[in-house]
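Student: Sharing a structure with you now.
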Amino acid sequence: MIMFVSCLDSNFLESHWKHPIAEQGLPPVNFSDLEKNLDPNACGTCHKDQFQNWEKSFHAKSISKGFLWQKEILTSEEYRSCFQCHSPLAETKSELAVEFQTSEILNSKSHNFPKGISNPSILCASCHIRNQIRFGPPSRVQPANEHPTNNLPHNGYIVKKEFESSEFCKSCHESKKDGVKLAGKRLMEVYSEWEKSPFAKQGIQCQNCHMPDREHSWKGIHDKTFVKNSLLPTWTITEKNGNYKIQAELKSMGVGHKFPTYIVPKIYLRFYAILKDKLTPILLEESVVGRIVNTDLTEEYLDTRIKPQESHLVRFDYEPKENTIQEFLWKIEVDPDEQYIRSFEEQLAKKGDALSKPTKKLLQESLIEKRNSRYMLFTLSLKVPVSLPQ
1344 MIMFVSCLDS NFLESHWKHP IAEQGLPPVN FSDLEKNLDP NACGTCHKDQ
1394 FQNWEKSFHA KSISKGFLWQ KEILTSEEYR SCFQCHSPLA ETKSELAVEF
1444 QTSEILNSKS HNFPKGISNP SILCASCHIR NQIRFGPPSR VQPANEHPTN
1494 NLPHNGYIVK KEFESSEFCK SCHESKKDGV KLAGKRLMEV YSEWEKSPFA
1544 KQGIQCQNCH MPDREHSWKG IHDKTFVKNS LLPTWTITEK NGNYKIQAEL
1594 KSMGVGHKFP TYIVPKIYLR FYAILKDKLT PILLEESVVG RIVNTDLTEE
1644 YLDTRIKPQE SHLVRFDYEP KENTIQEFLW KIEVDPDEQY IRSFEEQLAK
1694 KGDALSKPTK KLLQESLIEK RNSRYMLFTL SLKVPVSLPQ
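Numbered per my numbering, the sequence shown spans residues 1344 to 1733.
This is how it looks when you write it as structure tokens:
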């Protein structure tokens, strides 16, 4: 039975996320068939809530159609470099590239995944198992300073507080220091953004928001309720001599990094006027929140992301030709996959005919999925006449 207690240990994280992660090897001989099986379905036998949440998460979809179709346009080295985060285990990598189909890895896979690997994404073992040893956060039931003597499933586990620290997430959510930089910034700096935020100073970790109550769902920009609860839109409209002055603020209240993080998502703020006897609202102003770069990832055009607990402000005047305004609308739309959509559309137009039919189909299906990920976050309205803040 293994059960140790540790303080935060940078050496553990360095070792735990040292790539390439070695194959798990042969399971201990005293393990039952269930304990030997590293398939998430087997883990879900006892860890039901974690499995059910993981199954619906983006971790379980890290090897998706949008990932797989790119194998034909990337070099082997470029494609394999993505595995470090998208498919960290040696055994799952062997499902994706022949370079990982060594005798050692295939032997390990046959013993640890007896029914094969149907989903070579980020699995339970990707974070929790190294060399057949289980790791996890301190128990919420068993006091951390007690060492139980009864036999535990899979020989118990080694307690590591790092599982509840933002540092644990850094390996995959922060670009390497020598990675691509645009306007002096790496493509992913979510850990650095958090580190500079008031949340870090208050001890609020990534897990507090993205894994509340240890929920294995890792909700983010694609989840409307999650995003909606983190932002506060307010606006005022005043009128003087037929001229309307609109002032709007979108404040980041509960986001511990820049909103939105990375280069992929975009948020659109659109303001409309509804006129009498007009069916279609008139678009008055449009503003984008996000980091806009080209599809080649060589140039940044704009970065309007909101820092933690700061705001994006919009101010403009509108003077209609006739006094026929009935209502003002403010719509806030989220496009979680904007950068992917733009990039995939370009690849389909330029290289679609050169792709194999299966790969082209994967690209087309992925593009449809990403176009359908958009959602309306807020719709606010103010009747005319207006003078009070809403």
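Heads up, the beta-carbon is just placed ideally off N, CA and C, and yes, glycines get one too.
Count the CB pairs spanning the segment 1640-1657 and the segment 1559-1572 that are closer than 8 angstroms, and state whether there are at least three.
Tutor: No, the segment 1640-1657 is not in contact with the segment 1559-1572.
Student: So, using beta-carbon positions, are HIS1497 and ARG1477 closer together than 8 angstroms?
Tutor: On the sequence shown, residue 1497 is found 154 positions in, with the first residue counted as 1. On the sequence shown, residue 1477 is found 134 positions in, with the first residue counted as 1. The answer is yes: Cβ separation under 8 angstroms.
Student: Quick one: using the 10 Å Cβ neighbour count with 16 as the cut-off for buried, is LEU1377 buried or exposed?
Tutor: Locating residue 1377 in the sequence shown gives position 34, where the first residue counts as 1. Under this definition LEU1377 is an exposed residue.
Student: Going by the CB atoms, is the gap between SER1451 and ALA1433 shorter than 8 angstroms?
Tutor: The residue you call residue 1433 lines up with position 90 of the sequence shown. The residue you call residue 1451 lines up with position 108 of the sequence shown. Yes, these two residues count as a Cβ contact at 8 angstroms.
Student: Quick check on DSSP: helix, strand or coil for LYS1601?
Tutor: To locate residue 1601, count along the sequence shown from 1; it is residue 258. Under the three-state reduction of DSSP, LYS1601 is assigned to coil, being neither helix nor strand.
Student: Would you kindly report the start and end of the unbroken beta strand (DSSP E) that includes LEU1376?
Tutor: One-based indexing of the sequence shown puts residue 1376 at position 33. Note that residue 1376 is Asp in the sequence shown here, rather than Leu. Segment 1376-1379 is the alpha helix (DSSP H) holding ASP1376; no beta strand (DSSP E) there.
Student: Taking the DSSP output, what are the residues bridged to ASN1586?
Tutor: Here residue 1586 is taken as the residue at index 243 of the sequence shown, counted from 1. DSSP output for ASN1586 lists LYS1583 as bridge partner(s).
Student: How many angstroms separate the CA atom of GLN1475 from the CA atom of LEU1381?
Tutor: Position 132 of the sequence shown, counting from 1, holds the residue named residue 1475. Position 38 of the sequence shown, counting from 1, holds the residue named residue 1381. If you take the alpha carbons of GLN1475 and LEU1381, they lie about 10 angstroms apart.
Student: What does a CB cutoff of less than 8 angstroms around PRO1370 pick up in its chain, not counting 5 residues either side in sequence?
Tutor: Along the sequence shown, read from residue 1 onward, the residue named residue 1370 stands at position 27. Excluding sequence neighbours, PRO1370 sits near GLU1378, LYS1379, HIS1454, ASN1455, GLN1475.
Student: Give me the Cα-Cα distance between LYS1726 and ALA1616, rounded to the nearest whole angstrom.
Tutor: Counted from its first residue, the sequence shown places residue 1726 at position 383. Counted from its first residue, the sequence shown places residue 1616 at position 273. If I take the Cα positions, the gap works out to 10 angstroms.
Student: Helix or strand or just coil, what does DSSP make of HIS1490?
Tutor: Translated into the one-based positions of the sequence shown, residue 1490 becomes position 147. Since pLDDT at HIS1490 reaches only 47, below the 50 mark, its modelled position is unreliable, and the value read off the structure follows with that caveat. Looking at HIS1490 - three-state DSSP - the assignment turns out to be coil, as it is neither helix nor strand.
Student: Give the range of the beta strand (DSSP E) segment to which LYS1669 is assigned.
Tutor: Indexing the sequence shown from 1 puts residue 1669 at position 326. One detail in the question is off: residue 1669 reads as Gln in this sequence, not Lys. Residues 1668-1678.
Student: Looking at C-alpha atoms only, which residue of LYS1361, ASP1639, LEU1626, SER1654 is the closest neighbour of ASP1660?
Tutor: Numbered from its first residue, the sequence shown carries residue 1660 at position 317. The shortest Cα separation from ASP1660 among LYS1361, ASP1639, LEU1626, SER1654 belongs to LEU1626.
Student: Going by DSSP in three states, LYS1504 sits in which element: helix, strand or coil?
Tutor: If you number the sequence shown from 1, residue 1504 lands on position 161. Three-state DSSP puts LYS1504 in a helix.
Student: Assign LEU1495 to buried or exposed, taking buried as 16 or more other Cβ atoms, counted over all protein chains shown, within 10 Å of its Cβ.
Tutor: Position 152 of the sequence shown, counted from the first residue, corresponds to residue 1495. Counting Cβ neighbours within 10 Å, LEU1495 comes out exposed, since fewer than 16 surround it.
Student: Do ILE1406 and PRO1463 have their CB atoms nearer than 8 angstroms?
Tutor: Against the sequence shown, residue 1406 aligns to sequence position 63. Against the sequence shown, residue 1463 aligns to sequence position 120. Yes.
Student: Anyone know if the C-beta pair for LYS1609 and ASP1678 falls short of 8 angstroms?
Tutor: For this step, residue 1609 is matched to residue 266 along the sequence shown. For this step, residue 1678 is matched to residue 335 along the sequence shown. The answer is yes: Cβ separation under 8 angstroms.
Student: If SER1540 and GLY1599 are in contact, beta carbons under 8 angstroms, what's the gap, nearest whole angstrom?
Tutor: Walking along the sequence shown from the start, residue 1540 turns up at place 197. Walking along the sequence shown from the start, residue 1599 turns up at place 256. Right, the Cβ-Cβ distance comes to about 5 angstroms (below 8 angstroms), so this counts as a contact.
Student: Rounded to the nearest angstrom, what separates PRO1383 and CYS1512 at their Cα positions?
Tutor: Mapped onto the sequence shown, residue 1383 falls at position 40. Mapped onto the sequence shown, residue 1512 falls at position 169. About 20 angstroms.
Student: Indicate the three-state DSSP secondary structure (helix, strand or coil) for LYS1391 in the structure shown.
Tutor: The residue you call residue 1391 lines up with position 48 of the sequence shown. Taken through DSSP and simplified to helix, strand or coil, LYS1391 comes out as helix.
Student: Would you give the residue range spanned by the beta strand (DSSP E) that ILE1617 belongs to?
Tutor: Mapped onto the sequence shown, residue 1617 falls at position 274. It spans 1609-1618 - the beta strand (DSSP E) in which ILE1617 sits, taken as one unbroken run.
Student: Could you tell me whether the Cβ atoms of GLN1682 and ILE1564 are closer together than 8 angstroms?
Tutor: Translated into the one-based positions of the sequence shown, residue 1682 becomes position 339. Translated into the one-based positions of the sequence shown, residue 1564 becomes position 221. Not in contact: GLN1682 and ILE1564 (Cβ atoms no closer than 8 angstroms).
Student: Can you tell me whether ARG1714 is helix, strand or coil according to DSSP?
Tutor: Residue numbering aside, residue 1714 sits at position 371 when the sequence shown is read from its first letter. Here ARG1714 sits in helix by DSSP.
Student: Less than 8 angstroms between the beta carbons of LEU1672 and PRO1624, yes or no?
Tutor: Residue 1672 sits at position 329 when you count from the first residue of the sequence shown. Residue 1624 sits at position 281 when you count from the first residue of the sequence shown. Yes.
Student: Could you give the residue range of the alpha helix (DSSP H) that holds LEU1645?
Tutor: Looking up residue 1645 in the sequence shown gives position 302. Run containing LEU1645: none in the alpha helix (DSSP H); it sits in the beta strand (DSSP E), 1643-1646.
Student: Taking the straight line between their C-alpha atoms, what separation do you get for SER1508 and CYS1552?
Tutor: Mapped onto the sequence shown, residue 1508 falls at position 165. Mapped onto the sequence shown, residue 1552 falls at position 209. Their Cα atoms are separated by approximately 12 angstroms.
Student: For the beta strand (DSSP E) holding GLY1479, just list the boundary residues, first then last.
Tutor: Here the question's residue 1479 lines up with position 136 in the sequence shown. Counting along the chain, the beta strand (DSSP E) containing GLY1479 begins and ends at 1476-1479.
Student: Is it buried or exposed, ARG1658, if we count other Cβ atoms within 10 angstroms and call 16 or more buried?
Tutor: What you label residue 1658 is simply residue 315 of the sequence shown in a count that begins at 1. ARG1658 comes out exposed.
Student: Could you tell me which uninterrupted alpha helix (DSSP H) segments, each at least 4 residues in length, are contained entirely in the segment 1400-1482, listed from first to last along the chain?
Tutor: 1408-1411, 1419-1424, 1426-1429, 1433-1436, 1446-1455, 1467-1471
Student: Would you call GLY1546 buried or exposed, if buried means 16 or more other Cβ atoms sit within 10 Å of its Cβ?
Tutor: The residue you call residue 1546 lines up with position 203 of the sequence shown. Classification for GLY1546: exposed.
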